[in-house]
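Below you'll find the structure, written out as structure tokens, and then a few comments.
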Amino acid sequence: MTYSRTLANLQTRYPNGVPGGISVEDLAQLKTQNTFETHLDIAKAMAKVLRADMAAYDNDSSAFTQSLGCWSGFHAQQMLRAIKRQKGTLDKAYVYLSGWMVAGMRNRFGHLPDQSMHEKTAVVDLIQEIYTSLRQADEVDLNDLFAELKTTDDREAVLAKIDGFETYVRPIIADIDAGFGNVHATYLLAKEMIKAGACCIQIENQVSDAKQCGHQDGKVTVPREDFVEKLRAVRMAFEELGVEDGVIVARTDSLGAGLTQKIPVSREAGDEAAEYTKWLETEPVSDLHQLKDGEMAIQLDGKLVKPVRLPNGLYKFREDTGEDRVVEDCISSLNDGGADLLWIETATPNVGQIANMVRRIREKAPHAKLTYNNSPSFNWTLNLRKQVREDWIAEGKITAGEYPDNNQLMSAAYDEDELGLEADRRLQSFQTDIAREAGVFHNLITLPTFHGTAKVMNDLSEGYFGEQKMLAYVKEIQREEIRRNVSAVKHQHEVGSNLGDDFKEMTGGDRALKAGGVHNTMNQFESAA
Numbered sequence: 018m019t020y021s022r023t024l025a026n027l028q029t030r031y032p033n034g035v036p037g038g039i040s041v042e043d044l045a046q047l048k049t050q051n052t053f054e055t056h057l058d059i060a061k062a063m064a065k066v067l068r069a070d071m072a073a074y075d076n077d078s079s080a081f082t083q084s085l086g087c088w089s090g091f092h093a094q095q096m097l098r099a100i101k102r103q104k105g106t107l108d109k110a111y112v113y114l115s116g117w118m119v120a121g122m123r124n125r126f127g128h129l130p131d132q133s134m135h136e137k138t139a140v141v142d143l144i145q146e147i148y149t150s151l152r153q154a155d156e157v158d159l160n161d162l163f164a165e166l167k168t169t170d171d172r173e174a175v176l177a178k179i180d181g182f183e184t185y186v187r188p189i190i191a192d193i194d195a196g197f198g199n200v201h202a203t204y205l206l207a208k209e210m211i212k213a214g215a216c217c218i219q220i221e222n223q224v225s226d227a228k229q230c231g232h233q234d235g236k237v238t239v240p241r242e243d244f245v246e247k248l249r250a251v252r253m254a255f256e257e258l259g260v261e262d263g264v265i266v267a268r269t270d271s272l273g274a275g276l277t278q279k280i281p282v283s284r285e286a287g288d289e290a291a292e293y294t295k296w297l298e299t300e301p302v303s304d305l306h307q308l309k310d311g312e313m314a315i316q317l318d319g320k321l322v323k324p325v326r327l328p329n330g331l332y333k334f335r336e337d338t339g340e341d342r343v344v345e346d347c348i349s350s351l352n353d354g355g356a357d358l359l360w361i362e363t364a365t366p367n368v369g370q371i372a373n374m375v376r377r378i379r380e381k382a383p384h385a386k387l388t389y390n391n392s393p394s395f396n397w398t399l400n401l402r403k404q405v406r407e408d409w410i411a412e413g414k415i416t417a418g419e420y421p422d423n424n425q426l427m428s429a430a431y432d433e434d435e436l437g438l439e440a441d442r443r444l445q446s447f448q449t450d451i452a453r454e455a456g457v458f459h460n461l462i463t464l465p466t467f468h469g470t471a472k473v474m475n476d477l478s479e480g481y482f483g484e485q486k487m488l489a490y491v492k493e494i495q496r497e498e499i500r501r502n503v504s505a506v507k508h509q510h511e512v513g514s515n516l517g518d519d520f521k522e523m524t525g526g527d528r529a530l531k532a533g534g535v536h537n538t539m540n541q542f543e544s545a546a
């Protein structure tokens, strides 16, 4: 609702003035700055944004979306502020909430690996925090516009800015890991995440109590019927809370998962259980006396076989079956589980490999679209340089001996070399290529704020505690903030000091004790804003 309409409604409601002598204009300003009444309203609104973006992508693959993983509300706020400064709009920009970073950075038990070793409510708390930060960014910017409205000679121009203000609130893709328990636990947690504002929930097909990071070994998947039940649980949570456009991302870790915890029961040939069990590694059994105590045998394709079982009781899949299982997982998640998007966790960033799997999936599920993890777990430089080297050898452009095929390709000596430059060109176009060729609707980086924070603190600490002292901070951070117009350089204003001043004035008039007077040191940065 526009400010003008809000003001008119309040004037109708309070024809004799607001009780307590409150200014009706001030009240209309506060209602305008409060861009969403509840976080459930955010989930409903952002689900519609996501659905519209998915439809746009179906018509044009260049309209893919992007996000960065954020482990605090401030990270998300600064990311979106940067995008808005650069592009003038937040269209196609989302926030990714990584379970890895909740485990590693928002965990009361310490910095722990991505094994669901954190309180499940920590994910809910982070969604709540992110949206609180984004709503406060709305308040700060709108408050500045209202301050301008009080002094400008061109009210219509400023009113147009207020009424056309684009909120910083954007869709969050929120990681629920493997559901943190059974189907009912998944449903209960999904509801809390949605009430905190999540319009999109990502869930993976690993076993909850054996969950591993997608880029580590030892992953254990669940039978497809089990995963479908959890997808249904998330959908029911969305529907119950009235988020009818809620989006579910079904992630499969089967490409790197060689184990299963249980063998599902097949009721008829070719059902989900049979399609899952057929990939087990087995040994032939010609005589039941071959079986030792505690061992079991099953019949597969008319033959009696013994599934290979590890000492921990887990069963092995056959080698080199990962891609086939991924394809079947994805078809099941879309057609049986009602998922909206897929996530295929890969070991390397290879457009061709992903495109081949998506092509096979679309034979049975033509609407298939992906969310893809442009993961910091990949050595992007080495992988892309190796791919260029292999392509050039195949094309006859170079011989195998002209470039190393090992980690020496990481050398800075290749940064300005023709091969290194071609790898960088491919890096720059990677997301566009994968969106066009492999059905990737959403490109994300899971852990950039983890690595970014680590690098900034490393570089600043080396300089500040080394030879540069204060120059390290000023040169590398503050001077860059000023010159690149990063609003956080005025840190008091960024966290709402002007909001506080203006509210005090609304309630107390000239009695208000303000922080933003002439002696406020942030005035040194006026020219930067």
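Numbering (this note's numbering), first residue to last: 18 to 546. Where a beta carbon is used, it is the ideal one built from N, C-alpha and C, also for glycine.
N- and C-terminal bounds of the beta strand (DSSP E) containing residue i
i, result
"PRO324", "320-324"
"ARG268", "264-269"
"TYR113", "110-114"
"PHE458", "457-462"
"ILE361", "358-361"
"THR299", "299-301"
"LEU85", "82-86"
"ILE494", "Here ILE494 belongs to no beta strand (DSSP E), and DSSP marks it neither H nor E."
"GLN316", "315-317"
Cβ distance (whole Å) where residue i is taken to contact residue j below 8 angstroms
i, j, result
"PRO569", "PRO240", "Here the chain has residues from 18 to 546 only, and residue 569 is not among them."
"ALA385", "VAL375", "6 angstroms"
"ALA213", "VAL141", "5 angstroms"
"VAL343", "THR269", "5 angstroms"
"ALA254", "ALA207", "4 angstroms"
"ARG102", "ASN515", "Wrong, their Cβ atoms sit about 19 angstroms apart, outside the cutoff."
"ASP357", "ILE265", "5 angstroms"
"SER7", "HIS468", "Nothing can be reported for residue 7, as the shown portion of the chain is limited to 18 through 546."
"LEU248", "SER350", "6 angstroms"
"GLY456", "ARG402", "Not really, about 26 angstroms apart at Cβ, beyond 8 angstroms."
Spatial distance of residue i from residue j (CA atoms)
i, j, result
"LEU327", "SER225", "19 angstroms"
"ALA164", "VAL157", "11 angstroms"
"ARG172", "LEU159", "14 angstroms"
"THR203", "ALA430", "50 angstroms"
"GLY634", "ASP77", "Nothing about residue 634 can be read from this structure; the chain reaches only from 18 to 546."
"THR168", "ALA25", "21 angstroms"
"GLN95", "GLU298", "49 angstroms"
"ALA69", "GLN370", "28 angstroms"
"ASP288", "ASP346", "13 angstroms"
"LYS65", "ASP262", "6 angstroms"
"PHE542", "THR449", "38 angstroms"
"THR294", "THR338", "12 angstroms"
"GLY86", "ASP108", "17 angstroms"
"ALA546", "GLN495", "A caution first: ALA546 carries a pLDDT of 41, below 50, which makes its placement in the model unreliable, though a value can still be read off. The alpha-carbon atoms of ALA546 and GLN495 are separated by roughly 13 angstroms."
"ASN390", "SER428", "25 angstroms"
"LEU143", "TYR113", "11 angstroms"
"GLU439", "THR463", "25 angstroms"
"GLN219", "ASN423", "35 angstroms"
"PHE395", "PRO366", "7 angstroms"
"TYR490", "ALA505", "15 angstroms"
"GLY483", "LYS104", "37 angstroms"
"GLY517", "GLU511", "12 angstroms"
"ILE100", "ARG442", "22 angstroms"
Opposing strand residues paired with residue i [DSSP bridges]
i, result
"ILE217", "In the sequence on display, residue 217 carries Cys and not Ile. Partner(s): ILE190 and VAL264."
"ASN390", "LEU461"
"PHE334", "LEU297"
The alpha helix (DSSP H) enclosing residue i, as first and last residue numbers
i, result
"HIS201", "200-212"
"GLY525", "514-525"
"LEU143", "138-166"
"GLY437", "435-454"
"ASP70", "56-76"
"ILE371", "368-381"
"ILE100", "90-104"
"THR49", "41-50"
"VAL344", "339-352"
"PHE244", "241-257"
"SER225", "Taken as a continuous stretch (DSSP letters only), SER225 belongs to no alpha helix (DSSP H), as it is neither H nor E."
"HIS510", "508-511"
Inset, instruction - Count the C-beta pairs between the stretch 314-322 and the stretch 174-193 that are closer than 8 angstroms, then say yes if the count reaches three, no if not. - result: At 8 angstroms Cβ cutoff, the stretches do not touch.
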